[in-house]
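Colleague: I'd like to ask some things about the structure below.
In this note's numbering, the protein residues as written are 199 to 383.
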């Protein structure tokens, strides 16, 4: 006859159960070994029910571990979802890089490459006129060009003063310009 414990407050009168202990140890080993992957054992009550319930048959496999070892990639997101998320974060959906309108777009992160109007674009990417015109105003916009595209002229708006009572006239002229590459697509 086994001796009764001295602290009867926490004594549950359970017999030693080596099979139950082995199962808990096996589950604990898996949880510890894969702790970086946040493993879960939702079927624990089916494997090791609380005593005094009898232990059911168990093949020694955990669902989470089988799925982890199968390494099945998740389904690819829908193209419309990619487009929507990229637009929300101001990213190019094809490459995931920031668009020129994004605060994360870094103009200085690429080498300075220049090209004149009328010449083919030497490298795909975002381009901007290298400097503003001496006279008039231009958009000075950042635009995307593919390799081989012919670099366009820049439209510059001038104000031509006229004598009173006539209004000043706005004139738009196309000017040759030097384009500089400011980012990758």
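C-beta atoms are modelled at their ideal positions from N, C-alpha and C, and glycine is treated no differently. Nothing here was measured: the structure is a model prediction, and the numbers come from that model.
1) Which class does residue 379 belong to by DSSP, given the choice of helix, strand or coil?
2) Check for me: the beta strand (DSSP E) holding residue 323 runs from which residue to which?
3) For the alpha helix (DSSP H) containing residue 259, name the first residue and the last one.
4) Quick one: is residue 375 buried, meaning 16 or more other Cβ sit within 10 Å of its Cβ, or exposed?
5) Between residue 327 and residue 352, which are expected to be in contact by the criterion C-beta below 8 angstroms, what is the C-beta distance as a whole number of angstroms?
6) Would you call residue 283 buried or exposed, if buried means 16 or more other Cβ atoms sit within 10 Å of its Cβ?
7) Taking only three categories from DSSP, how would you classify residue 224?
8) Answer yes or no: do residue 280 and residue 291 have a C-beta to C-beta separation smaller than 7 angstroms?
9) So for residue 206, helix, strand or coil by DSSP?
10) What residues match up with residue 232 in a beta bridge as DSSP calls it?
11) Is residue 374 helix, strand or coil when you go by DSSP?
12) Here's a check: name, in chain order, each residue in its chain whose Cβ is nearer than 7 angstroms to the Cβ of residue 217, leaving out the five neighbours to either side.
13) Can you have a look at residue 348 and say buried or exposed, based on whether 16 or more other CB atoms are within 10 angstroms of its CB?
14) Quick test of your reading: residue 225 and residue 248, contact by CB under 8 angstroms. State the CB separation rounded to the nearest angstrom.
15) Under DSSP, the alpha helix (DSSP H) around residue 281 begins and ends at which residues?
16) Can you grab the Cα-Cα spacing for the pair residue 220 / residue 288, in whole Å?
Modeller: So, from the data block:
1) strand
2) 323 to 327
3) Counting along the chain, residue 259 falls outside any alpha helix (DSSP H), and DSSP gives it neither H nor E.
4) buried
5) 5 angstroms
6) exposed
7) helix
8) yes
9) helix
10) Per DSSP, residue 232 has no beta-bridge partner at all.
11) coil
12) 253
13) exposed
14) No, residue 225 and residue 248 are not in contact; Cβ-Cβ is about 14 angstroms, not under 8 angstroms.
15) 277 to 286
16) Between the alpha carbons of residue 220 and residue 288 lies a gap of roughly 53 angstroms.
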